[in-house]
Each structure stands twice: as C-alpha cells, then as structure tokens.
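> Chains as they are written, first to last, in full-length UniProt numbering: chain A, 1 to 403; chain B, 1 to 138. Note that the Cβ used here is the ideal one computed from N, Cα and C, for glycine as well. Computed from a predicted model, the values in this text were never measured in an experiment.
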Amino acid sequence: MKAEADWGSGTALPDIRGQVAIAGIGETAYSGPSDRTSKGMAAEAIARCVADAGLTPDDIDGIMYSGALGDQFSADDFRAHFGTRHAMWESGDGGGMVWAATAPAQAAEALRSGKARYIVNSFAVDWASKRGAMAGGPGAWHASELIKAQLELPFGWFPQPLYFATFASRHMHEYGTTEAQLGELVTAFRRHANSQPDAVMKDRALSLEDYLNRPHLASPLRVEDCCLISDGGAAYLMTTPERARDLPQRPVSVEGVGHGIIANAPYISQQGDITSTPQHFAAPGAYAMAGLGPADIDVLGIYDCFSITALMQIEDMGFCAKGEGGAFVEGGRLDYQRSRRLGGLPTNTHGGLLSHAYVLGIAHVVELVKQLRGQAANQVDSPQRAAYAGFTADEAGTLILGV
Amino acid sequence: MLELQPDLEHPLTGPFWRASAQQQLAIPGCEQCDRLVWYPREACSHCGAGLYWRTLSGRGTLAAFSVVKRPLFPAFAAFSPYVCALVALEEDPAVRLVSQVVDCDTSQLACDMPLSVVFRELAPDGCKPYLAPLFKPC
Ligand SMILES: [Zn+2]
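1) Please report the residue range of the alpha helix (DSSP H) in which A:Met312 lies.
2) Below 6 Å CB to CB, which residues in the same chain sit around B:Val67 once its five sequence neighbours on both sides are set aside?
3) Could you check what DSSP says for B:Arg35 in three-state terms: helix, strand or coil?
4) Look up A:Gly390 in the DSSP assignment and give the residues it is bridged to.
5) Given this structure, state the Cα-to-Cα distance separating B:Gly60 from A:Pro154, to the nearest angstrom.
6) Check the Cβ-Cβ distances between A:Tyr267 and every residue of chain B, and say whether any is below 9 Å.
7) Should A:Gln150 be flagged as near chain B, meaning a C-beta pair shorter than 9 Å?
8) Using Cβ-Cβ distances below 9 Å, what residues of the region 5-35 of chain B are close to chain A?
9) Looking only at its own chain, which residues have a Cβ that is under 6 Å from the Cβ of A:Asp6, when we skip the five neighbours before and after it?
10) In this structure, does DSSP put A:Leu162 in helix, strand or coil?
11) Does the region 68-79 of chain A come within contact of the region 247-254 of chain A, defined as at least 3 CB pairs closer than 8 Å?
12) With DSSP collapsed to three states, give me the class of A:Tyr267.
13) Are at least three pairs of beta-carbons, each pair with one atom in the region 27-44 of chain B and one in the region 105-125 of chain A, less than 8 Å apart?
14) Pull up the DSSP beta-bridge partners for A:Val254, would you.
15) CA-CA distance, A:Gln271 and A:Ala263?
16) Does the contact criterion of 3 or more C-beta pairs under 8 Å hold for the region 79-92 of chain A versus the region 215-223 of chain A?
17) Check B:Arg120 in the structure and name its three-state DSSP category.
18) Mapping DSSP to helix, strand and coil, what is A:Pro294?
19) The beta strand (DSSP E) with A:Asn121 in it runs from where to where?
20) What does a CB cutoff of less than 8 Å around A:Thr275 pick up in its chain, not counting 5 residues either side in sequence?
21) Identify the residues that DSSP records as bridge partners of A:Leu229: which are they?
22) Would a check of beta-carbon distances place B:Arg59 closer than 9 Å to chain E?
23) By Cβ distance below 8 Å, which residues in the same chain neighbour B:Ala77 in space, the five residues on each side in sequence not counted?
24) Would you kindly work out how many angstroms separate the C-alpha atoms of B:Glu3 and A:Ala143, rounded to a whole number?
25) For A:His192, would you say it is in contact with chain B, using Cβ-to-Cβ distances shorter than 9 Å as the test?
26) Taking its Cβ as the centre, do 16 or more other Cβ atoms sit within 10 Å of A:Leu182, making it buried, or is it exposed?
27) Is any heavy atom of ligand 1 found at a distance shorter than 8 Å from the C-beta of B:Gly48?
28) What three-state label does DSSP hand B:Leu131 in the structure shown?
29) How far does the alpha helix (DSSP H) with A:Asp364 in it extend, from its first residue to its last?
30) Does ligand 2 have even one heavy atom less than 8 Å from the beta-carbon of B:Asp92?
31) Give the range of the alpha helix (DSSP H) segment to which A:Leu208 is assigned.
32) Under three-state DSSP, which class holds B:Asp92?
33) If you follow the beta strand (DSSP E) that A:Met64 is part of, which residue opens it and which one closes it?
34) Which whole-angstrom value is the C-beta distance of B:Thr55 and A:Leu151, which I expect to be below 8 Å?
35) Comparing the CB of B:Arg41 with every heavy atom of ligand 1, is any distance shorter than 8 Å?
36) Any heavy atom of ligand 1 closer than 8 Å to the beta-carbon of B:Arg35?
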C-alpha cells in the first residue's frame, strides 16, 4: 500500500483492542418487497439478538442505530416495543455501512464508563417495499444535496450505479481489469448465496457465461454488478469480554477498528484517486490496533454495493497490490472453501449485498460472527480472524474480529 | 420525481449555468493562489482567499465514462442514450467536470482521449430547457 496519499485521511480512534465482545446476533428474513417496516424488522432482529445472547430486553441498557435515517430503532422505540421502562444509553452513530464497523469504538467508551452493560446495534431497511414510490432509498439523499442536485443531476450522473460505472471504466483503463474479472467476483458471491438458506438469490444460479451474456445497465456494469434492493434487518450485541464469558455463545472479540474519509467528501466525483476507495485510509488503523495485517485475515466481509467497489476495497485493504484485484479474484479465490491456507480469501460467504440482501453491511458483520463461532451455512475451515470493510463511497470503516 | 432544473439564480452554483447560457465554461478560481476550486464554495480551499468565476478553454480529457443505453430514471429519458462522463479540465486535470460526451462513436471512447466543450440544450421532462456544457472528441 502507498504510505501516504493526499486525497483522504484516516481518523484517529481510541485503542479498544480486546475491550468489546460481540455476544449476540439476530436477523429477520431477507426479501424483496414485503410490506414490513424498518422499525418492525429492527424489533424482530433485536429480539432474536437478545435471545441469542441468553438475555432479556430488561438487560439491554444501550442501543445504537443510524441517526441519519429517520426510521431506525431508538431507545424510545425499544421501550415502546419491549415494554421496558429503564433508562438506556443511546447513540445515533451506529447502524450499517461504515458504522457497522465503527460502532464498537463508541460502545467501548460506554461500556468502560459504566453508561451501559449490554449494547445492541441494529439496522433495518424497507427499501424494496418503498422502491416504487422512490420514497427514501439509496438515491434520495444524493438527489437532495445542493451541489449534486445542481451540478451532477442535470447531466444525468445519478444514481450510484453511474458513479461506480464511471469509476470502473477508469480502473479498467489504468489496470486492465476486465468485465470477466468483475464477473468472477459476482459469481463467487452468487455461489455463496445459492447455498445460504436465507439469501434472496438462493435459487438463482449465475455462471460466468450467464453473466457475460447479460446486457450492460451502465457500461461496464450489468444489473448483476449492482446490489439488490431488499427488506430486512439485523443486529449484534456488544458487552465486555468479562460479561461475554458468562453468556451462552462463544464470544467474538473486537480486535481493531478503523475509519477513513476522502478529502472532498461528500463529492466523490472530485476524489483524488477514483480507482481507490477511502478503505485505503481506514484499514491501516484497524490493522495497527489489532496488531495484524491482511495475511492474518481468514474470512472477509466486504461492502459490495457494486462489484467494482468490492474489488477496489480488496486492493485497498492490502490483500493484493493496487490494480491487481482483477487477477486476484479469478479462479474462485473468494470461494468459502478456498481458505487462506489453500491460497484463497473467503469473502462475502453469505452472498453479500449483491446476492444475499442489501441491508447495508449489518448482515456482513453477523455472518462474520457466525463464521468465527463455527455456525455459518458456508463455513470456512476454522477461521480465527475476520475483517469487515464498510463503505459509504466517501467514507470507509474497518472492523477486525477474532476468537 | 427527480428535480433536474438548474437554478441560474443560486448564489453558489448559478454562475456556472449563467456562463453556460452564454456558451462559456466557467468555474471558480482563486484571486490569490490562482488555483481552480471545484465544487463552488465560499472561499479557496487551498489558501482561504476569495474566488471569482474564471472562463476556461473548454478543453480536457476523458477521465472516466459510462455508456447508458436506457435511462435509470424517467427524468433522463430526454437525453438517453447518453455517455455520462467525468472530464478532467486542461487548466487543472484534478478538477473533474460531471458532463456528457456527445457526437461520438461510443465504441471508440477511451479514457484520456482529448475532448472539447460543446454547448447543447438539454430538456428533461418537466424542465425548462437549459444550455449545458457537454464534450465531444477532438
Ligand atoms: Zn487560493
């Protein structure tokens, strides 16, 4: 990795290595349009998460969610739904995407200072149900931001598939990355979904030949290179390692957290290097905190809103050199059966945003916890360390977990 | 429904569209350090000095592009099919203009090819037509 670059920066985070354990996970069913609401799905995921940890709602005294989205599950929602009355520590700096990675950094402080003992971080979306109305959804913020609305939309550079289609053209130009290589990544995640019981694309096989025969949505990307739009939610529960030892599940330890942001945030059209992502600035901090490097990661969950963003982040995390991601993902290297010992890098073993469900990364973290517990549907051979790469386009987060 | 109408009176971004209406490509430059500053903002991001709208040559290169055969939103139907592009400007290639490439054979498009500005009227559904700085191969 380049040592320094001036188009973004890593954020200094407190060293929380070994201070937070993930002791519970919960998920809803994942689907297309379902008429379920975000809050209702969050409640369901949280109930399962609390039960998975061997606790009851009365034990939960901390809650994290994405405050930027209006329909997430707050402390008031928790009390109303579960009928509890106690005060809760709460933070809107949780949820999915980057924050599914960085939530433990803030949770650590709340646990250390005694503000909370058991903290649930949840995220849920009903964007498949809302898609028809374009109410909310992934493009809504972009269309409302002044500069983007005035200087990008009038030219038709919207929504996200076009951002990353253009970036992909640059990656292909500079490094010779091919559409077939993007297809290798897409079909690897699809194979995982085909053997993942709750994946939205479980019954939809996709060969590399199928992929290449599909038309472009926005060249060089096809529909298959773009994430699903889904309804679903998930949650994970954080506590201290000491308390986690008394709970039924094998504790998963937070070993490192990192965060990075581009200099021109939120305007990725002006990002210094459009063949890279801010993961370039996030991952080094997480590795340093964990005392680990890319070679130590046994299973990876990467924010695959698009095939190209997953490929670029694999490079930016140092699993291969910048520009070599295309060759790296060839030959089934991302398959869950190809452990690091066998020269592979098991990645998005649940199918990812492309083929499992688009719940913005929270299910990636849940999947990694299952992998480290030995409970995954597509179980990697005895993984000890896992990494999650979260992404919002202009920001990235990295979470390293261990058992 | 997506709102695509450029606001010619907006204090921050209106000057870009008013220049375009006069068939000129203008973006903010610094009064002090002479660097281009994009996107528009109150003061220079490099030195903090004031900005003025500077008319540029209209030449650049194709930094990145995507050929969009069918519009992803109905609002874009008026100019579909289209080539969405990030154009690196001659005066400072770190500045990328979001635009379109027109008058081209899409099979011949390649990153880094030289482009020059051409002003074309765009008229998406529900919008008053606006003259936009697009680019063609040169
Ligand atoms: Zn200046």
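A quick look at the data gives this:
1) In the first sequence, residue 312 of chain A corresponds to position 312, counting from 1. A:Met312 -> alpha helix (DSSP H) spans Ser307 to Asp316.
2) Numbered from its first residue, the second sequence carries residue 67 of chain B at position 67. Val83 and Thr106, listed in sequence order.
3) Within the second sequence, the letter at position 35 stands for residue 35 of chain B. DSSP, read as helix, strand or coil, puts B:Arg35 in coil.
4) Position 390 of the first sequence, counted from the first residue, corresponds to residue 390 of chain A. Residue pairing by DSSP puts A:Gly390 in a beta bridge opposite A:Gly397.
5) The residue given as residue 60 of chain B occupies position 60 in the second sequence. The residue given as residue 154 of chain A occupies position 154 in the first sequence. Distance between the alpha carbons of B:Gly60 and A:Pro154 is about 20 Å.
6) Stepping through the first sequence from its first residue, residue 267 of chain A is reached at position 267. Yes, contact with chain B.
7) The residue you call residue 150 of chain A lines up with position 150 of the first sequence. Chain B contact via Cβ: present.
8) Flagged, chain order: Gln5, Pro6, Asp7, His10, Leu12, Thr13, Gly14, Phe16 and Trp17.
9) Taking the first residue of the first sequence as position 1, residue 6 of chain A is located at position 6. Closer than 6 Å at the Cβ level, and outside the excluded window around A:Asp6, lies no residue.
10) Counting from one through the first sequence, the residue named residue 162 of chain A turns up at place 162. In this structure, A:Leu162 counts as helix in the three-state DSSP scheme.
11) no
12) Position 267 of the first sequence, counting from 1, holds the residue named residue 267 of chain A. Of the three classes helix, strand and coil, the one that applies to A:Tyr267 here is coil, per DSSP.
13) no
14) Within the first sequence, the letter at position 254 stands for residue 254 of chain A. For A:Val254, which the question treats as bridged, DSSP gives the partners A:Leu401.
15) Mapped onto the first sequence, residue 271 of chain A falls at position 271. Mapped onto the first sequence, residue 263 of chain A falls at position 263. The C-alpha of A:Gln271 lies about 7 Å from the C-alpha of A:Ala263.
16) no
17) Within the second sequence, the letter at position 120 stands for residue 120 of chain B. Looking at B:Arg120 - three-state DSSP - the assignment turns out to be strand.
18) Within the first sequence, numbered from 1, the residue matching residue 294 of chain A stands at position 294. A:Pro294 falls in the helix class under three-state DSSP.
19) In the first sequence, counting from the first residue as 1, residue 121 of chain A sits at position 121. Where A:Asn121 is concerned, the enclosing beta strand (DSSP E) stretches over Ile119 to Asp126.
20) Locating residue 275 of chain A in the first sequence gives position 275, where the first residue counts as 1. Excluding residues within five positions, the ones whose Cβ falls inside 8 Å are Phe167, Arg170, His171, Glu174, Tyr175, Met312, Lys322 and Gly323.
21) For the purposes of this step, residue 229 of chain A is identified with residue 229 of the first sequence, where counting begins at 1. Contrary to the premise, residue 229 of chain A reads as Ile rather than Leu in this sequence. None, per the DSSP bridge assignment.
22) In the displayed structure, chain E is absent; the protein chains listed are A and B.
23) The residue given as residue 77 of chain B occupies position 77 in the second sequence. Within the same chain, B:Ala77 has close Cβ partners Pro71, Pro124 and Asp125.
24) Translated into positions along the second sequence, residue 3 of chain B becomes position 3. Translated into positions along the first sequence, residue 143 of chain A becomes position 143. Straight-line Cα distance between these residues: approximately 8 Å.
25) Residue 192 of chain A sits at position 192 when you count from the first residue of the first sequence. No, because no Cβ of chain B sits closer than 9 Å to the Cβ of A:His192.
26) Sequence index remark: in the first sequence, residue 182 of chain A carries index 182 (1-based). Flag for A:Leu182 reads buried.
27) Working through the second sequence from its first residue, we reach residue 48 of chain B at position 48. Indeed, a heavy atom of ligand 1 lies less than 8 Å from the Cβ.
28) Translated into positions along the second sequence, residue 131 of chain B becomes position 131. Reduced to three states, the DSSP call for B:Leu131 is strand.
29) Within the first sequence, residue 364 of chain A is the residue found at index 364, counting from 1. Per the sequence shown, residue 364 of chain A should be read as His rather than Asp. From DSSP, the alpha helix (DSSP H) with A:His364 extends over Ile362 to Arg373.
30) Ligand 2 is not among the ligands present in this structure, which contains only ligand 1.
31) Locating residue 208 of chain A in the first sequence gives position 208, where the first residue counts as 1. Here the alpha helix (DSSP H) through A:Leu208 covers Leu208 to Asn213.
32) Along the second sequence, one-based indexing puts residue 92 of chain B at 92. In the displayed model, B:Asp92 falls within a strand according to three-state DSSP.
33) Reading the first sequence from its first residue, position 64 is the one you call residue 64 of chain A. A:Met64 -> beta strand (DSSP E) spans Gly62 to Met64.
34) Working through the second sequence from its first residue, we reach residue 55 of chain B at position 55. Working through the first sequence from its first residue, we reach residue 151 of chain A at position 151. Their Cβ separation, rounded to whole angstroms, is 17 Å, which puts B:Thr55 and A:Leu151 out of contact at 8 Å.
35) Counting from one through the second sequence, the residue named residue 41 of chain B turns up at place 41. No, the beta carbon of B:Arg41 sits no closer than 8 Å to any heavy atom of ligand 1.
36) The sequence position of residue 35 of chain B within the second sequence is 35, counting from 1. Yes, ligand 1 has a heavy atom inside 8 Å of this Cβ.
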